[in-house]
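Protein chains in written order, with UniProt numbering: chain A, 1 to 369; chain B, 1 to 311.
Where a beta carbon is used, it is the ideal one built from N, C-alpha and C, also for glycine.
These numbers were taken from a predicted model, which means no experiment stands behind them.
I have placed the structure first, in the form of structure tokens, so that the comments after it can refer back to it.
Encoded structure:
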């Protein structure tokens, strides 16, 4: 029994780490093909992401990434593909950067921070209502609706920053810089804001709720089969709306934490696209919030170091998205090979063998195959 | 004088509508063929960008827009090959693969462009025009409609041929059955795998052409993230059109109208913030989705890899 669980653990580990390694190797080859040095790049990632006090910057980046990851996990667990994360994140961010300075002027920082967080979560939750209701009522594909709503949110956020929230003292469209003493405090002895601790705590709470409570079980039943969920008395309409609201609210919360912890103000047309980067990691973590922590840490180092390292290697920062995309591809392939191995089947599916071996055979001759 | 102004104004307006609608139309027709065969390709944003970039580079090198379009189509097929192998053949998750293609497409085209062309931003110049004798002399609509590039006419013919083929030929029937009930196609002696493979390749050609059209004819240049969500709009239009290509053409024109409205309003004297102009198509799309929510039907087998004998 013990060996069985440990071998399952080893297999899970291999299936999660191998795609990352393969993606790094292939992205190295792409760099070589483009005339950049992969060794310099990865050395740069190490240097700017970990050494000196750089590890603290990586950990600070972890907090929004991890909260976004938890938000995505909640929706994905229920098989709801909330891909509107970029817009939801920016909505939360603009609540902090726009509403924040106004609130800090009239009330104590602690109270204002709480209000900012609550409004950010509400803004995210409300924004997800249209995709959720369309999905629940008419079964409209939520991938598309959440994405379209995300593009609209980005436009709304830009309008807000160029309009009501614009700092009149600066020519470039951006919000007022929030002064140091009103930001989230640092963890004593470091330069990591407490958003990091909030994120870790959220991951643990989410893990417990998802795996140890009846609500978590309900989400899993709903994700496995909405029909079965209806049979055991779950209201699927309410479930879709609730999961979307929690997911979207958490992602918006990540945006407000990021502004109050790290950025202090927001520029127009700024979009860090954390969700795109985190989404594959969520799959690798098998939708488990705590398991997402090491993957998010890995990506935080890659992103923190990679931004400078890419510039030095003569690449654009967008190269990180190539790495992320490759992780996704290799993840599905590793998963496939792993499942085939576990089932003791051939790696090549029967249908493919037919297509490859006899692609031009007439249909009538193939009926016996 | 003011009449002269309004005539050229309308001409430019119609030309803009067409220029904006064509890339979307091609991409949405490509997506329609894929979806009818049961493949929801979320990667078409990336496929469009790869088609646009290859088309742009090849046109710069050869100086020929026609060869550029061909290169865009090839780029589209190469990008869709990932979907073909991983989803159609191996049956892996379409959503994940589609997003991977989008991310890689966005990343690689942006990196390559910035590495090769930032020092000297390249424009492709004017497209080769092919005025149709007689018709192009019609005032107002003549210069707008009948002074297009030959590429435009070829694309329109291609789309109409596909519209006919999808609705009326046996190829179209097997393609649609691969999305409706793949087991029936299999039972009737057709090959689901081969039908879907053909559909994905054809879809790659069209989406690649859409990207190339955007870069070569609509904007006459390439820039990172050129498509800016156009691929996702194409998916919505596909969903709303329920596999009927003529409706895809119409809705694409509506989109073109929405995009052309911004600059047109500016000419009249309204200043509309650029962000609203960028948002407008998405707002229209979400309103369409809300109003026609009931009718955005997709094929039943969409997204499900086919395994013979599996229930």
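Got a sec: is the Cβ-Cβ distance from residue i to anything in chain B below 9 angstroms?
i: residue 145(A); result: yes
i: residue 226(A); result: no
i: residue 336(A); result: yes
i: residue 166(A); result: no
i: residue 81(A); result: yes
i: residue 325(A); result: yes
i: residue 25(A); result: no
i: residue 140(A); result: yes
i: residue 73(A); result: no
i: residue 107(A); result: no
i: residue 306(A); result: no
i: residue 34(A); result: yes
i: residue 16(A); result: no
Is it true that the CB of residue j sits closer than 9 angstroms to the CB of residue i?
i: residue 446(A); j: residue 300(A); result: There is simply no residue 446(A) to check, as chain A begins at 1 and stops at 369 in what is shown.
i: residue 328(A); j: residue 103(B); result: yes
i: residue 324(A); j: residue 107(B); result: yes
i: residue 249(A); j: residue 71(A); result: yes
i: residue 92(B); j: residue 197(B); result: no
i: residue 33(B); j: residue 166(B); result: yes
i: residue 146(B); j: residue 135(B); result: yes
i: residue 338(A); j: residue 56(A); result: no
i: residue 259(A); j: residue 60(A); result: no
i: residue 299(B); j: residue 172(B); result: no
i: residue 127(B); j: residue 216(B); result: yes
i: residue 255(B); j: residue 24(B); result: yes
i: residue 264(A); j: residue 178(A); result: yes
i: residue 144(B); j: residue 18(B); result: yes
Note the first and the last residue of the continuous alpha helix (DSSP H) segment covering residue i.
i: residue 54(B); result: 44-62
i: residue 279(B); result: 274-291
i: residue 225(B); result: Segment: none, residue 225(B) is in no alpha helix (DSSP H) and carries neither H nor E.
i: residue 266(B); result: 245-268
i: residue 95(B); result: 94-117
i: residue 156(B); result: 150-168
i: residue 226(A); result: 226-231
i: residue 188(B); result: Per DSSP, residue 188(B) belongs to no alpha helix (DSSP H) and is neither H nor E.
i: residue 316(A); result: Counting along the chain, residue 316(A) falls outside any alpha helix (DSSP H), and DSSP gives it neither H nor E.
i: residue 196(B); result: 192-213
i: residue 181(B); result: Counting along the chain, residue 181(B) falls outside any alpha helix (DSSP H), and DSSP gives it neither H nor E.
i: residue 46(A); result: 38-49
i: residue 127(A); result: 109-127
i: residue 90(A); result: 85-94
i: residue 258(A); result: 236-258
i: residue 58(A); result: 54-77
i: residue 275(A); result: 274-284
i: residue 65(B); result: 65-83
Which partner residues does residue i have in the DSSP bridge list?
i: residue 186(A); result: 193(A)
i: residue 372(A); result: Since the displayed chain A opens at 1 and closes at 369, residue 372(A) lies outside it and no answer follows.
i: residue 267(A); result: 174(A)
Considering only the alpha carbon of each residue, which of the options lies closest to residue i?
i: residue 149(B); options: 66(B), 179(B), 96(B), 100(B); result: 66(B)
i: residue 42(B); options: 287(B), 306(B), 302(B); result: 302(B)
i: residue 155(B); options: 283(B), 190(B), 208(B); result: 208(B)
i: residue 44(B); options: 210(B), 292(B), 280(B); result: 210(B)
i: residue 289(A); options: 204(A), 30(A), 238(A), 222(A); result: 204(A)
i: residue 44(A); options: 305(A), 336(A), 340(A); result: 305(A)
i: residue 80(B); options: 175(B), 203(B), 264(B), 32(B); result: 203(B)
i: residue 321(A); options: 272(A), 122(A), 138(A); result: 272(A)
i: residue 275(A); options: 12(B), 283(B), 128(B), 99(B); result: 99(B)
i: residue 223(B); options: 304(B), 115(B), 252(B), 286(B); result: 115(B)
i: residue 26(B); options: 47(B), 96(B), 109(B); result: 47(B)
i: residue 189(A); options: 163(A), 270(A), 53(A); result: 53(A)
i: residue 37(B); options: 88(B), 229(B), 254(B); result: 88(B)
i: residue 236(A); options: 135(A), 167(A), 49(A), 294(A); result: 135(A)
i: residue 183(A); options: 202(A), 133(A), 111(A); result: 111(A)
For residue i and chain A, any beta-carbon pair shorter than 9 angstroms?
i: residue 205(B); result: no
i: residue 110(B); result: yes
i: residue 311(B); result: Legend: pLDDT at residue 311(B) = 49, less than 50; position of this residue unreliable, value from coordinates given subsequently. Output row for residue 311(B): interface = no.
i: residue 102(B); result: yes
i: residue 36(B); result: no
i: residue 80(B); result: no
i: residue 68(B); result: no
i: residue 278(B); result: yes
Shorter than 9 angstroms from the beta carbon of residue i to some beta carbon of chain E?
i: residue 122(B); result: In the structure shown, chain E does not exist; the protein chains are A and B.
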